[in-house]
Structure formats: structure tokens, C-alpha cells
Amino acid sequence: MDHTEATDPHAEIRDAVRKLCADFAGDYWRKLDQDRTYPTEFVTALTEAGYLGALIPEEYGGAGLPLSAAAAILETVQSSGCNGAACHAQMYIMGTILRHGTTAQKEAYLPKIATGELRLQAFGVTEPTSGTDTTSLRTFARKEGDHYVVNGQKVWTSRAEHSDLMLLLARTTPKEETAKRTEGLSTFIVDMRAALGHGLTLRPIRTMMNHNSCEVFFDNMIVPAENLVGVEGRGFRYILDGMNAERLLIAAECIGDAKWFIEKATAYARERRVFGRPIGQNQGVQFPIAKAYAQMRAAELMVREGCRKFEAGENCGEEANMAKMLAAEASWAAGEACIQTHGGFGFAEEYDIERKFRETRLYQVAPISTNLILSYVAEHVLGLPRSY
Ligand SMILES: Cc1cc2nc3c(=O)[nH]c(=O)nc-3n(C[C@H](O)[C@H](O)[C@H](O)COP(=O)(O)OP(=O)(O)OC[C@H]3O[C@@H](n4cnc5c(N)ncnc54)[C@H](O)[C@@H]3O)c2cc1C
Numbered sequence: 001m002d003h004t005e006a007t008d009p010h011a012e013i014r015d016a017v018r019k020l021c022a023d024f025a026g027d028y029w030r031k032l033d034q035d036r037t038y039p040t041e042f043v044t045a046l047t048e049a050g051y052l053g054a055l056i057p058e059e060y061g062g063a064g065l066p067l068s069a070a071a072a073i074l075e076t077v078q079s080s081g082c083n084g085a086a087c088h089a090q091m092y093i094m095g096t097i098l099r100h101g102t103t104a105q106k107e108a109y110l111p112k113i114a115t116g117e118l119r120l121q122a123f124g125v126t127e128p129t130s131g132t133d134t135t136s137l138r139t140f141a142r143k144e145g146d147h148y149v150v151n152g153q154k155v156w157t158s159r160a161e162h163s164d165l166m167l168l169l170a171r172t173t174p175k176e177e178t179a180k181r182t183e184g185l186s187t188f189i190v191d192m193r194a195a196l197g198h199g200l201t202l203r204p205i206r207t208m209m210n211h212n213s214c215e216v217f218f219d220n221m222i223v224p225a226e227n228l229v230g231v232e233g234r235g236f237r238y239i240l241d242g243m244n245a246e247r248l249l250i251a252a253e254c255i256g257d258a259k260w261f262i263e264k265a266t267a268y269a270r271e272r273r274v275f276g277r278p279i280g281q282n283q284g285v286q287f288p289i290a291k292a293y294a295q296m297r298a299a300e301l302m303v304r305e306g307c308r309k310f311e312a313g314e315n316c317g318e319e320a321n322m323a324k325m326l327a328a329e330a331s332w333a334a335g336e337a338c339i340q341t342h343g344g345f346g347f348a349e350e351y352d353i354e355r356k357f358r359e360t361r362l363y364q365v366a367p368i369s370t371n372l373i374l375s376y377v378a379e380h381v382l383g384l385p386r387s388y
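First residue of the sequence shown? That's 1 in the numbering used here, and the numbers climb one at a time after it.
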């Protein structure tokens, strides 16, 4: 379903990604889903093809592509029935190092992240007690000479078991001692290979979909001072800087999911005959699919506008947030229409619909929940009073 192929600057990339994904059909994902195991072969294929280094500048060994190209890659992964959640963060977490790291950090990490030799796909922000209220997080990094000693806990750190490095957000000054709650937080590159078993413990969380998320415990974990990214105390700002790109990329994935669901639903609605005619002849079956399609196209335009502004160096906070919300709602509407169109068969594992349905639901909660996006729009776009 590529209505815009003729004018799409990334048609070639989409085509190549589609071909790669053809080697990873439904049975591959079904087996992983049943065993809750990691799609190593798929991630290796994407890495070797250079897609996960799409946003890393060429001088550091990446492809140096614009955000819209990365969005096209992830959208196509999803519309092909695959699941980019296993590795999408390898594309964008490095943005914090790229924008705020020292030359030495960039030279040490980015070329290896581009080749996949180093996996930077764990992002330690959310904590069990503070949740969405990020500035209330409690993990603390105390400076002692040439290193920091980290104590605390994270939750929902995805891909931690399949990552070499973690970008960690921790307090370096107690909240009570800062003028603003957004101050006193710092970002660190944690080498998890060195830290595991030495103050770092991971505990996998089983979820309704195959997501490889973990609880993470820090018990006097040592992080060399040279692994601080940017200026101590300014980490929250650095994390915020990366969020627009993340939101647009996740939105692109939702667009891909929606396209996959809509294609499945329309194909089935044309073929399946009940009462002597295709079920797709009934408006009651057509309309939910048509509505989801309209929602998806509108969200897709918002993703494109967000990417355009991002690439032009303009502030795209409004578009990135709205794109993420609209796309996540569109993929859910499409999933709902797809299950309903398939009747009982929508629930059978071999159709992959129930799996995709479980996977796409996440995006209304993570990486940021719909309510928090609405709060952003209310406060920062409409000028309403801050609600929290
Ligand atoms: C599978 C999975 C993978 C994840 N991966 C990562 C990861 O890799 N790294 C990471 O750091 N985090 C990750 N997260 C965490 C995710 O970002 C959070 O779950 C999400 O931001 C919501 O936080 P919470 O779960 O603590 O919910 P809470 O903050 O407890 O919120 C619960 C509900 O209340 C609502 N709510 C809270 N405050 C308000 C308010 N002021 N106004 C209106 N509504 C409000 C929220 O919208 C939400 O619906 C992941 C989560 C999941 C489930």
C-alpha cells in the first residue's frame, strides 16, 4: 500500500528494507513470541545492511541519512510484519552522544555503534516510583575522584540484555538542592559488559508481547567520570533534545503497523465469503477499515511534517508529539478493524494478527503515554496552565 511511491524520496530504501524483511516471515516472529526470545538474526541483518546506523554521520562511519529516511526504514520494517522494537533504539539513543558528547566520546563510540560492534540500545530513564514524573527519579550518581558510584533502580529498560551500553539518566544533585527540578540530572554511558555482576543486575520482565524489557538494579556500580555525557546536571535537557526524533520514529513504526493491519484486513474482506458474498461488501465491515485508513493517512502526514521541520532545524515538538499520538491511535484502530474483520481467525496465532495487535498497543503508553502528549499540547501549544 504505497500510494505515495511516485513522490517518495525514500522509495529505494523502502524497497530494499522490504526485501530484507521478506526473509523474516510470520513463522519466525511467532516462534520468538512463543519463546520470548530475541530476534538476533533479524537485528544482525538490519545492522549489516547499515540501516541501524542510518542517522550516524558519514564521518563516524554511519549512513548520514536524514530522519525521514530512518522513519521510512522503521515504517517498512513494521508494514512488512516484522518488529523493529528489538533494535530501533540503536538508531536514535546515540543522538545524545552525537549532540552533547566530547570529540573523544564520539570517536570512541559512534563508529562502533554504526557497525553494530557496540550495541547502544538500552535507555535507562523510567523508575518504578517516579514513573512519568522523570525529574523525581531517585537513582543517584555520587562523584568520588575519577569515577561516579551509582545506586538505584530502573524499570522497563528495554533490550538491556541485548545491549553493550546503556544511556543512563541519574541524579547528581538532590532535587531539593536544585533551583529547578529539571536541574541536577546527568547522563552517563554505562558499559554494561564491565558492570554486569559488579554492581549491575538485570531482571527480565515478562510482558504481553515479546519486548525484552528489564528491571535494572544499581548497587555501588562504578562509572568512570569520563563516561559523563556533556555537563553534569544538564542531563534532563539532553534527554529532552532527543525525544522529538524518538517520537517521530516510533510514530513511523505505528504507521507501518497500521498499513500492515489495513492490508491484511482488506485482503481478507475481499476473499472471505459469508452469506454468498464477500464480507467486504458489507458497510459494517468496510467502514472501520476505511476509517482506520483515513486516520493512518492523517497521522502519516503529521509524521512527514514533523520530519520536515526536524530536518530544517526547526522546533518540531508540537508535530512530533501529535504524530506519535495520532499514529499510535491509528495503528490501534487498524488493529481493531483487522481483528474484527477476521472474526474468529483474528485470534488464531498463525494469522499473526493477534501478535501484532499486542505489539502495537504499547505505543499508546511508551515511550510516552497519550495523556502526557495531550498535556504537552495543552500547555506548550495552547498556552493552558501546567496541569502537573
Ligand atoms: C514494554 C515497555 C518498554 C519500555 N521501554 C522503556 C525503556 O527502554 N526505557 C525507559 O526509560 N522506559 C521505558 N518504558 C517506560 C515507559 O516510558 C513508561 O511506562 C511510560 O512513560 C509510563 O510511565 P509509568 O509506566 O510509570 O506510568 P505512570 O507514570 O505510573 O502513569 C500511569 C498512567 O497515569 C497517567 N498519568 C500519570 N500522570 C499523569 C498526569 N499528570 N496527567 C494525566 N495522566 C497521567 C499516565 O498517562 C499513565 O496512563 C517502557 C514501558 C513499557 C511498558
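Backbone N, C-alpha and C define an ideal beta-carbon position, used for all residues, glycine too.
In whole angstroms, what separates the C-alpha of residue i from that of residue j?
| i | j | result |
| --- | --- | --- |
| Y293 | A265 | 11 Å |
| G95 | G242 | 6 Å |
| L248 | E314 | 14 Å |
| G197 | Q78 | 35 Å |
| T134 | E271 | 49 Å |
| G64 | E58 | 5 Å |
| T47 | S163 | 13 Å |
| L382 | I239 | 24 Å |
| R206 | R277 | 43 Å |
| D352 | E144 | 52 Å |
| R273 | F345 | 14 Å |
| F236 | H100 | 12 Å |
On a CA-only basis, which of the options is nearest residue i? Give me that one, please.
| i | options | result |
| --- | --- | --- |
| D219 | R237, M209, A195, L228 | A195 |
| E215 | A160, A366, V190 | A160 |
| L326 | L110, Y60, M296 | M296 |
| S80 | L372, I13, G256 | G256 |
| A122 | A54, L168, V77, Q78 | L168 |
| V377 | E58, E318, F345 | E318 |
| E127 | S158, Q283, K112 | S158 |
| F287 | C338, N244, R277 | C338 |
Mind checking who residue i pairs with in its DSSP beta bridge?
| i | result |
| --- | --- |
| Y148 | K143, V223 |
| I205 | S213 |
| V274 | R277 |
| S158 | S213 |
So, at 7 Å on beta carbons, what are the nonlocal neighbours of residue i in its own chain, with the 5 sequence-adjacent residues on each side left out?
| i | result |
| --- | --- |
| V285 | A269, I279, T341 |
| F413 | For residue 413 there is no data in the structure shown, the boundaries of the chain being 1 and 388. |
| P9 | none |
| A49 | L20 |
| N210 | L32, D33, R36 |
| A71 | L248, L249, A252, V303, C307 |
Once the 5 residues before and after residue i are set aside, which same chain residues still bring their CB inside 6 Å of it?
| i | result |
| --- | --- |
| A141 | Y148, V150, A170, T172 |
| A335 | The residue you asked about is not Ala; residue 335 is Gly in the sequence shown. F261, F357, T360, listed in sequence order. |
| W156 | T126, S213 |
| L137 | E127, S130 |
CB-CB under 8 Å to residue i, same chain, minus the five flanking residues each way: which ones, in chain order?
| i | result |
| --- | --- |
| A323 | R247, L248, A251, A299, M302, V303, E305, G306 |
Would you mind reading off the limits of the alpha helix (DSSP H) that contains residue i?
| i | result |
| --- | --- |
| Q295 | 283–311 |
| G124 | G124 -> not in any alpha helix (DSSP H); beta strand (DSSP E) instead, spanning 120–124. |
| I339 | 317–342 |
What are the start and end residues of the beta strand (DSSP E) that includes residue i?
| i | result |
| --- | --- |
| I189 | 185–191 |
| L168 | 165–171 |
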